[in-house]
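Reading through the structure tokens given below for one structure.
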DNA sequence: CCCACGATTCAGGCGAAACTAAATTTCTTG
DNA sequence: CAAGAAATTTAGTTTCGCCTGAATCGTGGG
């Protein structure tokens, strides 16, 4: 096992994060998917992947894709924890708007010490989800696993918004304005074919109908994660 | 004038900070002094200095030293403000010990946005001094200028600790344990010749004598800044 | 006036990470 | 099953930012 506290480079941390996320849906992450996510050429990914494999963070089966090792997972979760704790802290303690926290966290997550993160988490009394609804891994790397389906591929009369993708301020602002945040209840009213728009009606957090009817593009809908209302 | 918000590299920010500090005592900073402060070779400094001069942050008279331009000053003060606001925030809002904040701030100051700093400052209600007593520049670059003499070269019956150098955790812990923090009042009891130790007696913050007598090495004493008690 | 010392120039190196282009493997599909 | 398409890897470069050692150059005290 590598030294448990090697200071990882920004790039390495970004790779691990992206690979972790890609490994969520598929079991293994492909070179091109990683390249796409990082905005880099596939050849660059192969190079970095080789180094990460040598360092023991992942295993690489040529032409087949990569999988994080236990250690790689651990590191990825540490970065993700840092990111999400920071986001939460910025929102609830420093008055940030939820669409502004991602970029700030993106930079701070690479500079913040473990100590800082733990103190923030303490101040927040052990937050479990970030402002966009994503679960925060615990300090020892446990994370709530249910991966929810997106609004784009779920039907149902009583759906609950679990989380939304956090990386696009524009989209977040749009959703915010329409009360489409984690915890919101909604009902799918219509679903146009061929990846067409999806019409929903908000039911409000506590179930009282708000009556607002919204038409969401397929793209946007596939960045909103929902579950059946409990 | 350069773009007022060019993202400076970590190195550049460190150079500006160091040059600013060196320019405090002398009017101009020498190549070797900068090299010493940054732990690099003088040749490296000359190279970087040339680039900084081209970017308009300082003027360089070969063999004579460097001076920050107005713009360089502005940038240096921004970094220093970031550093000190962060230190203050960590201490008062996240329960950091004063000897731990320097390193954390050293990393965060390069990653934090101006927005984050201003929000922290707001939360702290416009802090004027960091935990070590150093003045915090305002958002538009004003800074309290009195540079206090050190305990090593001041005499007096009623002295007030203004600030202490912030970069050495060991020393800070030592001072903390002995109540030698900004605001402490003291009296110089004895001063050994040849840069020898200095004996002081604490008088307590509000003037009530605490009677504690301390012997401080010359080195340590020259990192404690004092003024005549007001 | 000379020379030691600090400052500068020069040529080069290094590490990290990216890129292009070409070769190779795997997938797909007729 | 073969062949073209797509994905991946290899190999070789490039870039960036910063650093270094060695040789050279100013400067100012003796």
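Protein chains in written order, with the working numbering: chain S, 314 to 543; chain B, 314 to 543.
No residue lacks a Cβ here, since even glycine has one placed at the ideal position from N, Cα and C.
DSSP-derived helix/strand/coil call for residue i
i, result
"residue 468 of chain S", "coil"
"residue 506 of chain S", "coil"
"residue 406 of chain B", "helix"
"residue 441 of chain B", "coil"
"residue 541 of chain B", "strand"
"residue 378 of chain B", "strand"
"residue 341 of chain B", "coil"
"residue 492 of chain S", "coil"
"residue 353 of chain B", "coil"
"residue 314 of chain B", "At residue 314 of chain B, the pLDDT of 44 sits below 50, so the modelled position is not reliable; the number obtained from the coordinates is stated separately. In the structure shown, residue 314 of chain B sits in coil (DSSP, three-state: anything other than H, G, I, E or B)."
"residue 484 of chain S", "helix"
"residue 498 of chain S", "strand"
"residue 324 of chain S", "helix"
"residue 449 of chain B", "coil"
"residue 456 of chain B", "coil"
"residue 476 of chain S", "strand"
"residue 526 of chain B", "strand"
"residue 514 of chain B", "strand"
"residue 415 of chain B", "helix"
Beta-carbon contacts of residue i that lie in its chain and below 8 Å, excluding the five residues immediately before and after
i, result
"residue 431 of chain B", "452"
"residue 332 of chain B", "342, 347, 371, 379, 381, 385, 389"
"residue 361 of chain B", "324, 325, 328"
Neighbour-count burial assignment, residue i, 16 or more Cβ in a 10 Å radius
i, result
"residue 354 of chain B", "exposed"
"residue 498 of chain S", "buried"
"residue 319 of chain S", "exposed"
"residue 363 of chain B", "exposed"
"residue 506 of chain B", "exposed"
"residue 422 of chain S", "buried"
"residue 427 of chain S", "exposed"
"residue 394 of chain S", "buried"
"residue 314 of chain S", "Note on residue 314 of chain S: pLDDT 45, under 50, position unreliable in the model; no value is reported."
"residue 323 of chain S", "exposed"
"residue 417 of chain B", "buried"
"residue 468 of chain B", "exposed"
Of the residues the options, the one placed nearest residue i, counting alpha carbons only
i, options, result
"residue 325 of chain B", "B:349, B:500, B:468, B:366", "B:366"
"residue 459 of chain B", "B:329, B:424, B:321, B:337", "B:337"
"residue 357 of chain S", "S:368, S:524, S:374, S:328", "S:328"
"residue 472 of chain S", "S:501, S:492, S:339, S:448", "S:501"
"residue 341 of chain B", "B:380, B:333, B:349, B:506", "B:380"
"residue 457 of chain B", "B:390, B:416, B:429", "B:390"
"residue 368 of chain S", "S:425, S:408, S:321, S:348", "S:321"
"residue 527 of chain S", "S:488, S:507, S:542", "S:488"
"residue 515 of chain S", "S:478, S:360, S:470", "S:470"
"residue 544 of chain B", "B:483, B:339, B:504", "An answer regarding residue 544 of chain B cannot be provided, because it is not within the stretch 314 to 543 covered by chain B."
"residue 454 of chain S", "S:425, S:429, S:392, S:408", "S:392"
Cβ shell of residue i (< 7 Å), same chain only, five flanking positions each side left out
i, result
"residue 404 of chain S", "411, 414, 444"
"residue 475 of chain S", "446, 461, 495, 538, 539, 540"
"residue 480 of chain B", "415"
"residue 486 of chain B", "412"
"residue 513 of chain B", "499, 500, 501, 502, 527, 529"
"residue 448 of chain S", "441, 442, 456, 457"
"residue 542 of chain S", "471, 472, 473, 498"
"residue 316 of chain B", "Because the pLDDT at residue 316 of chain B is just 45, under 50, the model does not fix this residue reliably, and the value given afterwards should be weighed accordingly. Here the set comprises nothing."
Cut-off 6 Å between Cβ atoms - residues of its own chain near residue i, not counting five sequence neighbours on either side
i, result
"residue 433 of chain B", "398, 402"
"residue 409 of chain S", "403"
Quiz item: Would the stretch 380-387 of chain S and the stretch 396-408 of chain S be scored as touching if the rule is three or more Cβ pairs under 8 Å?
Solution: Result no; under three Cβ-Cβ pairs closer than 8 Å.
Self-check item: Stretch-stretch touch, CB-based, cutoff 8 Å, three pairs: the stretch 456-476 of chain B with the stretch 523-538 of chain B
Solution: With a cut-off of 8 Å, the stretch 523-538 of chain B and the stretch 456-476 of chain B count as touching, because enough Cβ pairs lie within range.
Quiz item: Are the stretch 435-450 of chain B and the stretch 359-378 of chain B in contact at 8 Å, needing three or more beta carbon pairs?
Solution: Short answer: they don't touch.
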